[in-house]
Each structure stands twice: as structure tokens, then as C-alpha cells.
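**Q**
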Amino acid sequence: MSVFQQGGIALLTFVLMEVWAWWVHKYLLHGPLWFLHRTHHEPQKGWWEWNDLVSLLYGALSTGLVIYGAQGQSWHLGVGIGIALYGLFYFFFHDIIIHRRIKIRYKFTHPYVLRLIRAHKMHHKHMQRDNSEAFGFLYATRRYNIKRVD
Ligand SMILES: [Zn+2]
Ligand SMILES: [Zn+2]
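No gaps in the numbering here: position 47 of the sequence shown is 166 in the numbering used here, and each next residue is one more.
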């Protein structure tokens with residue numbers, strides 16, 4: 120497969136990962152997998168939370184796909200790269216910009232970043248499993264714009 124085909128697959132995987140992550144977050148993490156995800160909604164006791172296990176699983180999956188796909192130049196490579204890229208963006212926006220797990224001084228002012236932060240803060244309004252909103256990580260609808268017109 121050519122570099123362009125692999126790049127296209129990676130890009131498509133990246134976009135689909137947001138849809139997939141939204142679905143998993145809404146129906147599994149706030150459902151049967153709440154016992155893992157609750158550690159992310161309750162006050163933190165340390166740097167590690169059991170919810171991080173989900174990220175580690177995606178890391179292992181993408182690493183496996185990249186290694187396997189690189190050998191035969193198959194589509195698995197593009198999918199693995201797409202998942203890895205999504206993981207990087209997720210870590211940057213969700214863990215660093217929103218939850219500040221790594222302290223950075225930079226204040227973001229871009230309206231879309233502010234919208235994302237606001238949407239996720241709304242998601243964290245509840246510490247229980249049910250009645251949460253805004254399950255996306257890299258996409259938030261316009262209703263979370265800072266200047267909200269209801
Ligand atoms: Zn949640
Ligand atoms: Zn969060």
C-alpha cells in the first residue's frame with residue numbers, strides 16, 4: 120500500500136475513533152465498565168486512575184497493529200497509526216489541557232478549545248454514572264460555546 124493510502128486510512132481511523140470513543144464512553148464506561156471509569160469522575164487519590172487502563176489497552180492495540188501492518192505493508196499499519204494519533208490528541212486535550220495532569224502555563228484562548236473544555240467540564244458536573252452529557256473528547260457541539268444563546 121502506498122503512503123497516501125496508509126495516510127488516508129490513518130485519517131479515517133482518527134475520525135472514526137472519536138465516534139467510537141464517544142460510544143464507548145456513553146454506553147460502556149457509563150454502563151457496565153463504570154467500575155473503571157468512576158475513578159475518573161471521583162476526586163483523585165494519586166496520579167494513576169483505573170480509567171487509564173482503557174488508554175493503555177488502546178496503546179497496546181495500536182502498537183500491535185503498527186508492528187503487524189509494517190511487515191506486510193497492510194492496512195493494519197494505517198489503522199494502528201490512526202489509533203496512536205487519536206491517543207496523542209486525547210492525551211493532549213483531555214489529560215493535559217482539560218485536566219492539567221501535566222502542569223503547563225499556557226492558557227488557551229481559541230474558541231474551539233474553550234468549547235471543548237466547557238463541554239468536558241459539563242460532563243464532569245456529575246460524579247455518578249447516570250445523567251451525564253457531552254461524551255465526546257475532541258468534538259463538542261456548538262451548544263458548548265462560551266457565549267451560549269439558549
Ligand atoms: Zn465520563
Ligand atoms: Zn475527563
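Backbone N, C-alpha and C define an ideal beta-carbon position, used for all residues, glycine too.
Can you tell me whether residue 221 is buried or exposed, with buried defined as 16 or more other CB within 10 angstroms of its CB?
**A** By the neighbour-count rule (16 or more Cβ atoms within 10 Å), residue 221 is not buried but exposed.
**Q** Measuring only the C-alpha atoms, how far is residue 181 from residue 203?
**A** 6 Å
**Q** What distance in whole Å lies between the Cβ atoms of residue 236 and residue 217, which are believed to be in contact at a cut-off of 8 Å?
**A** For residue 217 against residue 236, the beta-carbon gap comes to about 5 Å, under 8 Å, which counts as contact.
**Q** Is residue 149 buried or exposed, if buried means 16 or more other CB atoms sit within 10 Å of its CB?
**A** buried
**Q** Going by beta carbon distance, what residues of the same chain come within less than 6 Å of residue 215, once the five residues before and after it are set aside?
**A** 221
**Q** Measuring CA to CA, which of 238, 188, 199 is closest to residue 212?
**A** 238
**Q** Look at the Cβ atom of residue 184, then the Cβ atom of residue 173, and state whether they are nearer than 8 Å.
**A** no
**Q** Starting from residue 129, trace the alpha helix (DSSP H) in both directions and tell me its first and last residue.
**A** 122 to 142
**Q** Let me know if residue 123 comes out buried or exposed under the rule of 16 or more other beta-carbons within 10 Å of its beta-carbon.
**A** exposed
**Q** Quick one: measure Cβ to Cβ for residue 194 and residue 120, integer angstroms, because I've assumed they're closer than 8 Å.
**A** 7 Å
**Q** Taking all protein chains shown into account, do 16 or more other C-beta atoms lie within 10 angstroms of the C-beta of residue 234, making it buried, or fewer, making it exposed?
**A** buried
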